[in-house]
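Worksheet for the structure shown next.
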């Protein structure tokens, strides 16, 4: 048996014995997140028939359904024909769970599991069904070709999460996302062992959760785009069945225009006539000074508590400038009477009142950074969008916290950057006691610029890399290896129904009005959307703007970035050698430049593509730059200072905003230029 | 004003006036189905702002929702920013409808409409909301680039369908299809003016419709995969909102194993213990001789009639060998007592009894060919899977009929073949009275080899071509022009959420385990699935076999077929000329042959792809054949008889079944070979 260090890329020859034949296979480590402990043995389990599933210990419908789904996915991956349900096969899968599944998950649940695969069986041991589900997901990721078919290599894994709170937030307020979108994203979360779906249900731009007590909330505040209570119960059950908690968020007292459209009496002064179409921070706010406000919130949250069984309710609490709190005489007089000195103190008063309601419901409150005001009770959890310092400050004050700042997907950053941001780096100055208060992290998918067609490509596969950050040991941080495994998990996620890989081509076809998009696809492969901030500045969008431009089609962090970066690094290590990288780069530049003319034809024929013309022209400059730089380096020739200066000017020009997209190849290109001797 | 003949490809220069600027644009006729009458005017409506919608005459929620959806699609297509709902824009859309929307559609509804577009407004006139919806779909298909933006060319259209019954049947019995799949297919149907969704809800392999009266039907007969009554009501409402009737089918007395699993007492003798996994015709059948049978069917259909408001209920009725009717002594004795001489007569007795139940529910019966037995009342509609002769025979006997035989999608035939099959060719010998009995046609999507991931690519875009056959005048039958427009409608359908264009790449990525599938995609582009019959013979599949092989990824009738066929025809007209086709074909052969080696690498690494290796090797032979033939023809050289003989042998060999896929380029290739002088 070979013990492996975590993070090592395992590629061991493993002998698979099956009847007479024995085949050598390379163990392919495609697991994401990486388990905390594993050791590889020789041989493996040949997948050549259906599964004979044995469940020992606790067994219930929840666990059995999870096993059934996992078995089906393994059969799909391995191309096995399922001869019939209930018919025992020859591949033994043993699942041992100590305790029956709890109807409601908790932050303290034991999610650990052990997995042992031998040539005769795969066995999963776990305290809870949650651990067993994680073990099943790992098992699926272990299926690989071997011999003439598929195998699961012999392995022993002991695995448990580094953080207890591993979340994904989806903002369904600014743009509504259909139930099917939520479900497939929950499937994706389960595949990479995330365990909290934070459902951002209300925004200035829409109230998305049906209330029977206050039906106007959706009747007036949603354009008819909302989740029925039945939908919500279905999502909660769907998530529970996959080991995922659902934490609902109802934003208050700010980000609440949709509440106020429906119930103007809640307002601190003015209220909008319809839900807000513009994005950005609004001035409207719920009035914290009236008793009726708390009667309303109390009745509403009581209704919601019956639908969302999780121990936490998220009240938002961020970005509440509330200028009317400073101008409304009644509010001013209330503040004076109660010794409330400013808006921050008034919001603290509001939070305390809402917290009392939540406590009465036997639940805990979670809110964004701004809820952390003096006197806040210590059982409130603070979700930090401001950063790791804000999170640490909270921990030192005694508050549990969840980090979100480095995991904003709409920043359109590469997976590597998110991946390396640690919620609790070993360099942190927190004490052991304080460190325990860092519960974990949450990925945030804000909704300004996404709809059902584009959301998946913004979330995936980057979120899988972040999921590894939340689950695996801190030392697992080899970026190249992460990207290698991310490529595999991305395909697995597509198999679950996520559309992150399909949506780019679909968008390009829509823009070009034809199926023939080879050239356009090539141009798109080196471009990605600009960040939320850059788009927000450059394009005046609102909720009703169609999100079907070129910027919506292209994906953040396309695989080209990583490939080109690595290929250039290797080329620069031996620029005069006749290497595979040199040939590959040369061929690639030819493909790129060859695509520009046919792409420009399509761009000219489609007004919605018109703005991309500039980028396509720039691509010609960039390929020329790359080709010339490689030529200099290969020949060992010096470039003129003019040439270098010109390249630098070109790169500067190309870094300017245009068409809401940016090139992902500029850094390696400038490395190439810089490497040319002068 | 220029009057156009239907079927003519219109490409007229149209002047678009917008403020100061006037731009020349080519009218692009992308409509499918083609309208029955149209004339093109000069100028057009520039789409430069939001819509100011005026509804005159009858106005109701159904119509308003349809208009809202259409406006949104036009805005998406034209990249218009919707500044706010309720805010009147500058593009006038006038919709005039004579009568309010009927809650339930009927076969006799007036679906005609007129559409008039000028530089100042688009106006739709229709007797019913159904006609208005068709007009809106036409309007969407008219949006095209013009000037720097988008326009709707000035046009006058008077349009009405050739047939009243234009259906698509989806078999959800053999494989269940989620509600989302049904909905997006209904969207696709509406886009091409189909008006009947025939929902095949029961099969030997599954009972998919919830009954509260007989809950075991789904509890025991569906693996938990079924539509709740709420789902069904939602689908019915969704379809009605899009001008589509829903005709439910409950198969009886054959194809009924799932009924019998749940209620064995209905059986004619034996009954299965679980739903049938194998495909093909089963021997089990409902017992037509017991009164309890009709009590059961009566209660069940009464329950269904409350969910499905359509005037028709489909009882299946096909393929009932029912050997037990010949061997069960009790059934034998009943037949003797009632003078029923054989199985056919017994089924006729059964149909008469069921018809009485349906009549009591104030509905009409429809069934497959086999229901047409002597004495069948004349108000039963016969759906013909046997062919146009069977349909004509029925019409002569006085029965109304719907043609399906030439529209079986699982035959994997090219769109052109379906397109040219006419339900009522002018050559038909039917009398005027009999011709009226041909209500229309129905496309059939049987479910043996489809799942939610692959169904769309089997249905679309081919069904759009058939929809034109059902709607447009008989004389509209230019195949090249159909394919040209099919390319555009295919992109429109993808925009509605259909996955027919995305699923091939997704399947290839899944098989290859990577995003890098350029070579594999090129190989796949010349292959299509074999017919249902060939697959059924070659591969022993059942309901539980994963449908994720190479055959499931590739699409029927890929665009390569039509492109290559046309390019070869043009090349052969001038083989020695230095034409664009010669260059394009030469370049294409190089691309194809270059893809084989990298594709073979991926095939070797993925056992599920292994069988495709043979086809990839054959592709090398085919490209060599094409290149050599072109060389002979270009040089004007003679080939040796040996060369010709060898090519013929290669083609014969390649026509043999392999890997469940077949090449779509063989006919033009053999044309090339045949053209080489000897």
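Protein chains in written order, with our numbering: chain X, 32 to 709; chain C, 32 to 709. Every residue gets a Cβ at the ideal spot worked out from N, C-alpha and C, and that includes glycine.
Just the Cα atoms here: how many angstroms apart are residue i and residue j?
i	j	result
residue 568/C	residue 350/C	19 Å
residue 59/C	residue 71/C	11 Å
residue 641/C	residue 542/C	10 Å
residue 598/X	residue 452/X	25 Å
residue 329/C	residue 499/X	58 Å
residue 123/X	residue 190/X	21 Å
residue 116/C	residue 104/C	Legend: pLDDT at residue 116/C = 49, less than 50; position of this residue unreliable, value from coordinates given subsequently. The alpha-carbon atoms of residue 116/C and residue 104/C are separated by roughly 14 Å.
residue 604/X	residue 662/X	15 Å
residue 479/X	residue 228/X	19 Å
residue 627/X	residue 634/C	31 Å
residue 485/X	residue 516/C	27 Å
residue 193/C	residue 458/C	16 Å
residue 69/C	residue 504/C	12 Å
residue 259/C	residue 240/C	6 Å
Examine chain C for any beta-carbon lying closer than 9 Å to the beta-carbon of residue i, and answer yes or no.
i	result
residue 53/X	Residue placement at residue 53/X is poorly supported in this model, since its pLDDT is 43, which falls under 50; the coordinates still yield a value, given next. No, its Cβ sits nowhere closer than 9 Å to a Cβ of chain C.
residue 533/X	yes
residue 380/X	no
residue 522/X	yes
residue 42/X	Bear in mind that a pLDDT of 39 at residue 42/X, under 50, signals an unreliable position, so the number given afterwards is only what the model happens to contain. It does not: the Cβ of residue 42/X has no partner Cβ on chain C nearer than 9 Å.
residue 655/X	no
residue 283/X	no
residue 107/X	yes
residue 441/X	no
residue 181/X	yes
residue 519/X	yes
residue 689/X	no
Let me check understanding here. Comparing Cα to Cα, which of the options lies closest to residue i?
i	options	result
residue 530/C	332/C, 213/C and 435/C	213/C
residue 201/C	164/C, 491/C, 599/C and 547/C	491/C
residue 151/X	685/X, 96/X and 83/X	83/X
residue 450/C	628/C, 281/C and 506/C	506/C
residue 431/C	403/C, 99/C and 501/C	403/C
residue 461/X	454/X, 427/X and 446/X	427/X
residue 170/X	243/X, 98/X and 231/X	98/X
residue 401/X	646/X, 584/X, 476/X and 352/X	352/X
residue 442/X	518/X, 395/X and 566/X	566/X
Counting only beta-carbon separations shorter than 9 Å, does residue i have a partner in chain X?
i	result
residue 138/C	no
residue 269/C	no
residue 235/C	no
residue 637/C	yes
residue 112/C	yes
What whole-angstrom Cβ distance do residue i and residue j have, given they're in contact under 8 Å?
i	j	result
residue 692/X	residue 558/X	4 Å
residue 129/X	residue 88/X	6 Å
residue 237/C	residue 256/C	7 Å
residue 279/C	residue 339/C	5 Å
residue 696/C	residue 572/C	Contact doesn't hold; Cβ gap of about 27 Å is too wide.
Pairing CB atoms from the region 212-226 of chain X with CB atoms from the region 532-551 of chain X, are three or more of them under 8 Å?
no
Contact the region 508-516 of chain C vs the region 537-552 of chain C: 3+ CB pairs below 8 Å:
no
Is the region 290-307 of chain X in contact with the region 363-373 of chain X, if contact means three or more CB pairs nearer than 8 Å?
no
Could you say if the region 613-622 of chain X and the region 339-355 of chain X meet the contact criterion of at least three C-beta pairs nearer than 8 Å?
no
Could you check whether the region 679-699 of chain X touches the region 647-657 of chain X, counting it as contact only if at least three pairs of C-beta atoms, one from each stretch, sit closer than 8 Å?
yes
Stretch-stretch touch, CB-based, cutoff 8 Å, three pairs: the region 411-424 of chain C with the region 434-446 of chain C:
yes
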